[in-house]
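Below is one structure, written out as structure tokens; comments come after it.
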Amino acid sequence: MKILITGASGQIGKHLISQFANTGHNILALDRQQLDITDFNKTVHIFNTYQPELTINLAAYTAVDLAEENSEHAFLVNQQGAENISKAAASIDIPIIHLSTDYVFSGTKSAPYTEDDVPDPINTYGKSKLAGELAVKKSNPRHLILRTAWVFSNEPKNFLTTMLRLAETQKTISVVDDQTGGPTYANDIARTLAILANQIQGFTASDWGTYHYAGMPYTTWFEFAQAIFQLAPQRDGFEPTQLIRIKSSQYKTLAKRPRNSQLNTQKITDRFAIPPANWHLALKELFTKPDAA
Ligand SMILES: NC(=O)c1ccc[n+]([C@@H]2O[C@H](COP(=O)([O-])OP(=O)(O)OC[C@H]3O[C@@H](n4cnc5c(N)ncnc54)[C@H](OP(=O)(O)O)[C@@H]3O)[C@@H](O)[C@H]2O)c1
49 MKILITGASG
59 QIGKHLISQF
69 ANTGHNILAL
79 DRQQLDITDF
89 NKTVHIFNTY
99 QPELTINLAA
109 YTAVDLAEEN
119 SEHAFLVNQQ
129 GAENISKAAA
139 SIDIPIIHLS
149 TDYVFSGTKS
159 APYTEDDVPD
169 PINTYGKSKL
179 AGELAVKKSN
189 PRHLILRTAW
199 VFSNEPKNFL
209 TTMLRLAETQ
219 KTISVVDDQT
229 GGPTYANDIA
239 RTLAILANQI
249 QGFTASDWGT
259 YHYAGMPYTT
269 WFEFAQAIFQ
279 LAPQRDGFEP
289 TQLIRIKSSQ
299 YKTLAKRPRN
309 SQLNTQKITD
319 RFAIPPANWH
329 LALKELFTKP
339 DAA
């Protein structure tokens with residue numbers, strides 16, 4: 049199948065390219081320089097020229113705190129850009145898989161969020177991603193929206209690599225223990241995207257829609273940090289670090305974070321036999337085979 053991937057140089061994109069290697073699929077993986085998704089004319093031109101049979105949109109403005117100050121840019125990429133890709137796909141009658149986030153929810157629910165829960169984001173990033181979801185749904189009936197959460201990998205700019213970087217210079221690190229969610233390894237998301245892509249040509253009308261996919265078991269950032277530092281000593285030159293448990297109210301950020309980021313993943317398991325990933329196993333894989341990312 050011919051598959052066009054946008055945002056291909058991001059952490060999920062890099063893993064997805066590896067997942068598709070040697071599978072026989074014909075992959076056009078484009079980074080922001082090659083396709084800026086906010087440019088509708090270029091998007092349509094590339095779709096018309098390449099004639100993909102599926103597109104996977106991984107391009108997004110993902111700087112959660114900066115989005116509070118750059119709201120216009122966040123919406124331009126996460127809403128308008130998503131709409132551009134979805135419309136371009138619809139114009140050549142192909143489906144879209146679009147990535148979204150737990151941050152579309154407020155986090156006030158006491159149980160894991162299902163796909164039937166009504167989104168009510170509390171920060172600009174979440175609002176822009178929700179606007180993108182709505183734009184994708186409206187412009188292309190053949191859409192899969194995959195919401196995931198707390199993505200980690202060996203790439204810079206995620207919780208895992210931030211913890212390891214801080215540990216190089218700090219004897220103590222304070223981590224919040226009152227936000228819960230499912231840390232999700234970028235490679236597990238990529239594997240899931242590849243499974244969905246492989247099945248997509250056989251989809252029936254009821255298969256399209258929104259799905260949750262996240263790592264299990266649910267945990268807190270503090271417990272996730274503990275798990276990281278239990279494994280980190282396996283890496284050369286690692287200095288022990290003391291973790292300090294704090295409340296979100298003691299850690300000021302520009303953007304508010306949902307207290308409960310737990311995604312219920314039963315629907316994707318029931319529909320496509322995709323079980324939730326186990327983040328403990330993923331962490332072990334990363335620490336024993338650091339090149340895995
Ligand atoms: N990271 C998480 O914890 C998390 C959680 C839930 C859902 N998600 C979703 O998962 C998807 C992929 O995220 P990720 O973690 O792989 O993020 P990432 O590493 O930040 O990758 C996003 C990619 O999008 C590119 N991009 C930004 N603006 C663009 C534009 N106008 N046109 C084309 N490309 C553009 C970025 O390129 P540049 O680097 O060149 O700007 C980057 O390569 C996103 O939809 C995100 O919302 C992520």
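All residue numbers for the sequence shown refer to this note's numbering, where the first residue is 49 and numbers rise by one.
For each residue, glycine too, the CB sits at the ideal point set by N, CA and C.
By the three-class DSSP mapping on this structure, what secondary structure does residue i have?
i: A242; result: helix
i: T149; result: strand
i: I316; result: helix
i: T336; result: helix
i: A341; result: With a pLDDT of only 46 at A341, under 50, the local geometry of the prediction cannot be trusted, and no value is derived from it.
i: A273; result: helix
i: I140; result: coil
i: G229; result: strand
i: L106; result: coil
i: F207; result: helix
i: I170; result: coil
i: A69; result: coil
i: N118; result: coil
i: E101; result: coil
i: F251; result: coil
i: F112; result: Rather than Phe, the amino acid found at residue 112 in this sequence is Val. V112 falls in the coil class under three-state DSSP.
i: G180; result: helix
i: N188; result: coil
i: A215; result: helix
i: T91; result: helix
i: L64; result: helix
i: P306; result: coil
i: L83; result: coil
Residue i: buried (16+ other C-beta within 10 angstroms of its C-beta) or exposed?
i: D164; result: exposed
i: A253; result: exposed
i: G72; result: exposed
i: R305; result: buried
i: D87; result: exposed
i: R131; result: At residue 131 the sequence reads Glu, which differs from the Arg that was named. The residue is buried, with at least 16 neighbouring Cβ atoms inside 10 Å.
i: N171; result: buried
i: D236; result: buried
i: D141; result: exposed
i: L329; result: exposed
i: A341; result: In this prediction, A341 scores a pLDDT of 46, lower than 50, which makes its location untrustworthy; no coordinate-derived value is stated.
i: S297; result: exposed
i: G344; result: Shown here, the chain extends from 49 to 341; a query on residue 344 therefore has no answer.
i: A138; result: buried
Name the DSSP beta bridge partners of residue i, please?
i: N326; result: M264
i: Q290; result: T220
i: I193; result: H146, T258
i: N365; result: Summary: the structure shown does not reach residue 365, with the chain confined to residues 49 through 341, and so no result is reported for it.
i: L78; result: T54
i: F200; result: Y233
i: L311; result: Y161
Beta-carbon separation of residue i and residue j under 8 Å?
i: A238; j: Q67; result: yes
i: V125; j: I85; result: yes
i: V152; j: G129; result: no
i: P231; j: W327; result: yes
i: S134; j: V184; result: yes
i: I193; j: S148; result: yes
i: I292; j: T220; result: yes
i: S309; j: Q249; result: no
i: A197; j: D168; result: no
i: G55; j: A107; result: yes
i: W269; j: V199; result: no
i: G155; j: R307; result: yes
i: I201; j: A245; result: The amino acid at residue 201 is misidentified as Ile; the sequence shows Ser. No.
i: T289; j: Q218; result: yes
i: G109; j: S176; result: Sequence inspection shows Tyr at residue 109; the Gly mentioned does not correspond to that position. Taking 8 Å as the Cβ cut-off, Y109 and S176 qualify as a contacting pair.
i: L241; j: L64; result: yes
i: I144; j: H191; result: yes
i: H260; j: T301; result: no
Nearer than 7 Å: is that true of the beta carbon of residue i relative to any heavy atom of ligand 2?
i: I193; result: Of the ligands one can find in the structure shown, namely ligand 1, none is ligand 2.
Problem set entry | Closer than 5 Å: residues whose CB approaches a heavy atom of ligand 1 | Result (chain order): G55, S57, G58, Q59, I60, R80, D84, I85, T86, L106, A107, A108, T110, V125, L147, T149, T196, V199.
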